[in-house]
Structures are given as structure tokens and as C-alpha cells.
DNA sequence: TTGATAATGATAATCATTTTCAATTAAGGA
DNA sequence: TCCTTAATTGAAAATGATTATCATTATCAA
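Chains as they are written, first to last, in my numbering: chain Y, 1 to 155; chain S, 1001 to 1155.
So, in C-alpha cells, the structure goes:
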């Protein structure tokens, strides 16, 4: 739990209110954890991190709030094939900015990358346009992930 | 269970043997189901389809064999965010050929597309090269998916 | 046909995620 | 500040997909 909790709760307060939600300790704590990590955390990771400061916030509450945060677009849920979901602040709210993931099939380590974005933007623009027309599909989102074997797992 | 079961079992027999596996009724049936559908089936879907012809093949066996088939690269496992995995014959063994997926966030209908592959190949080639060098990562695989709302869910 | 061993089926166990429901709390107005 | 009300919570139980166990059966090379 780091310094800018206050800031987070301030900028989120409005966002929550206009969606009919309240600002609670649990929500503030979850956002705080997510804002101050570079890792990709599971619901349980987040629960454990929060638990040190607020031992009475339960895992259920963490799950419930993550779902809500995903729904209003503040958090993104990922599946890296590990058997449980991982969560990140969405690009817009994160210091990381736009990025994609490179996932080790062996140890599930995840590397964020934001290189080669020109190629990617080109590809995405063309493909999204083409697909939405051809298949009459309203495209909301995309997922690009690379899988492989990381340096340490290769040794 | 359609006509070409015999064919399937024939071309798979060798593949299995050289990996130390045996050809069994369950494996033949799973491949047969997958070869004769355009859908994306869950383990249970496959189990149910097989069950009509071989009522004594259990769900456990289907799971076990799917895992094995994924391991030797004949089958690919997908997660469309529905809470259970879906399986397809891999590109090389399927009549579908190389394709990606367009997933409806509402009803989880999946559209296969293979348009815009020039853009995609370009993007993939550059990105994979760049990433594997920069991050010293041996890239094995990639996942590209688009999510949105399909025609009928928009009405 | 037979022996070694891979594969199977039934059942129980796991494990992440959800549901239930009574108790608590945030937030806006009196 | 106090009240009201609906949103939120925690604990516990339920769910649902997937895996592990283990005794039995089936495959296939010799």
C-alpha cells in the first residue's frame, strides 16, 4: 500500500459515483495494489496483499470488486493459461500504457512489451475494419499474445 | 461419427506410435468428432457426441486424451472467456486451415476468419523476430482474437 | 497367444470462482 | 450530526470445470 492511495481514491470517486457505485475501502485498496505493481496479479494475490493492511477484507469481496472494475473498464482480466485469471489496470489508468504480453509456457512468467506498435496498429486497423464489415460484427476489443519459452526455462 | 473414421485412424496411427502412444477407440472417436465439425467443442460436448456411439467412454478419458492430443500438437485448446476450454483440430490437420477467431462477448458465438492474412503475417513475422531477439525468448506460438458483439446480439 | 505396460472408468478430490443471506456501511438529505 | 436506504460486505456453502487415484482392461510387439 503506497503513497498515492489518496490520489487514486480521488480520481476514482467520480467514476464510481456516476456508475451508481460507492467508494469503499476494498475498492480503494484493490486499485492501490494494482496501481503499484508491475506484476500480473491473481484475485488471490490481490487478496493476500490487501490482507496485510485490512485483514477483514475477504477473497469474495476481492472477486466481486474485480468483476465490477472489469465491467466499468478500469481493470482488464487476462488468462495466460495458468488456470486462474490475472488482473491489470487498463491501459488508460496504468502507468504502463498500451502493451501486450509475452508468456512463458513453462513458468508462466509474463513480459510486457510495447515495441513494434506501428506494425501492430496497422494490422489491427485493417483487420478490425475488414472484419467488422464482412461479418457485421461490432469489434470492441482484441487480444494479442505470444507464447514461448523464456531465457531461464531454456537453460 | 461420419465416414472417414477409418482414414483418420490410419493417418494418426503412425503419429501416435512414434510418440509411444497406442491407438484406442476413444482417441479415434475424438479425432473423428473434431474432424467432422465446424464448431468449437468443449470436452463435455465431445464426450456427449461420443457417448451416443460409445456409451462406455467416460468424460475423464476425453479430458485425458484431449490433453495428450494438445501435447503432441494435433489439437489446439482455446479459451474464449466462457469458463471452459474449447478444442479444435490444429491447422495442419484440419480442413479449416489457418484461421483466427472473432468472439461475441455476449453469446460466445465464434466466427472463424482467414481474411487479412497478408497483414497478419507481416505483423507476426516482424513482431516475433523483434521480440525473440529483444527479450531472448523462444517464441512458439501466438494468439490473436477479436472480441465484440455479433449481429444477433446487437438487435 | 502372451506379457508388459499404456489406457480406461468410476469415483473422489481440487481449486478457482459464485451464490446466498444476514449484518454492516457509505452517502445524501433532514 | 443523525437517519434512511440501498449498496456492500464476510462467512460459509455451492458450483462447475478439470485432475488425481487405483483397480481393471485393452493394445500391440514379440
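Don't be surprised by glycine CBs; every beta carbon is placed ideally from N, CA and C.
Range covered by the beta strand (DSSP E) that runs through residue i
{"i": "residue 1148 of chain S", "result": "1138–1149"}
{"i": "residue 86 of chain Y", "result": "86–89"}
Whether residue i touches residue j by CB criterion (8 Å)
{"i": "residue 1120 of chain S", "j": "residue 127 of chain Y", "result": "yes"}
{"i": "residue 1145 of chain S", "j": "residue 142 of chain Y", "result": "yes"}
{"i": "residue 1054 of chain S", "j": "residue 1029 of chain S", "result": "yes"}
{"i": "residue 89 of chain Y", "j": "residue 41 of chain Y", "result": "no"}
{"i": "residue 96 of chain Y", "j": "residue 79 of chain Y", "result": "no"}
{"i": "residue 1108 of chain S", "j": "residue 1082 of chain S", "result": "yes"}
{"i": "residue 101 of chain Y", "j": "residue 114 of chain Y", "result": "no"}
{"i": "residue 147 of chain Y", "j": "residue 1123 of chain S", "result": "no"}
Close-in-space but distant-in-sequence residues of the same chain around residue i (CB under 7 Å, 5 per side omitted)
{"i": "residue 93 of chain Y", "result": "74"}
{"i": "residue 1154 of chain S", "result": "none"}
{"i": "residue 1149 of chain S", "result": "1104, 1105 and 1106"}
{"i": "residue 84 of chain Y", "result": "42"}
{"i": "residue 1125 of chain S", "result": "none"}
Cβ shell of residue i (< 8 Å), same chain only, five flanking positions each side left out
{"i": "residue 131 of chain Y", "result": "137 and 139"}
{"i": "residue 1070 of chain S", "result": "1076, 1077 and 1087"}
{"i": "residue 1012 of chain S", "result": "1023, 1027, 1028, 1031 and 1074"}
Listed by chain order, chain Y residues near residue i by CB distance under 8 Å
{"i": "residue 1113 of chain S", "result": "131, 134 and 135"}
{"i": "residue 1060 of chain S", "result": "Neighbours of residue 1060 of chain S on chain Y: none; closest Cβ ~18 Å, over 8 Å."}
{"i": "residue 1154 of chain S", "result": "138"}
Spatial neighbours of residue i in its chain, beta-carbon cut-off 6 Å, leaving aside the 5 residues before and after
{"i": "residue 1002 of chain S", "result": "Any reading at residue 1002 of chain S must be qualified, since the residue scores a pLDDT of 40, below 50, and its modelled position is unreliable; the value itself is stated next. 1036, listed in sequence order."}
{"i": "residue 1057 of chain S", "result": "1026 and 1050"}
{"i": "residue 1005 of chain S", "result": "In this predicted model, residue 1005 of chain S has a pLDDT of only 46, less than 50, meaning its place in the structure is not dependable enough to derive any value."}
{"i": "residue 72 of chain Y", "result": "19"}
{"i": "residue 65 of chain Y", "result": "26, 27 and 30"}
{"i": "residue 1016 of chain S", "result": "1023"}
Residue interval of the alpha helix (DSSP H) (run including residue i)
{"i": "residue 1044 of chain S", "result": "1043–1051"}
{"i": "residue 1033 of chain S", "result": "1025–1035"}
{"i": "residue 1105 of chain S", "result": "Counting along the chain, residue 1105 of chain S falls outside any alpha helix (DSSP H), and DSSP gives it neither H nor E."}
{"i": "residue 120 of chain Y", "result": "117–135"}
{"i": "residue 999 of chain S", "result": "This structure cannot speak to residue 999 of chain S, because chain S is shown only from 1001 to 1155."}
Chain-ordered chain S contacts of residue i [CB-CB under 8 Å]
{"i": "residue 105 of chain Y", "result": "1140 and 1141"}
{"i": "residue 72 of chain Y", "result": "In chain order: nothing, as chain S lies at least about 15 Å away."}
{"i": "residue 119 of chain Y", "result": "1122, 1123, 1126 and 1127"}
Residues that residue i contacts on chain Y, provided the C-beta gap is smaller than 9 Å
{"i": "residue 1150 of chain S", "result": "135, 136, 137 and 138"}
{"i": "residue 1091 of chain S", "result": "Within 9 Å Cβ-Cβ: nothing; residue 1091 of chain S doesn't reach chain Y, min ~15 Å."}
Residue i: contacting residues in chain Y (beta-carbon distance under 7 Å)
{"i": "residue 1088 of chain S", "result": "None at all; the shortest Cβ gap to chain Y is about 16 Å."}
{"i": "residue 1102 of chain S", "result": "131, 135 and 137"}
Residues, ordered as in the chain, of the stretch 1028–1048 of chain S that lie near chain Y by beta-carbon distance below 9 Å | none
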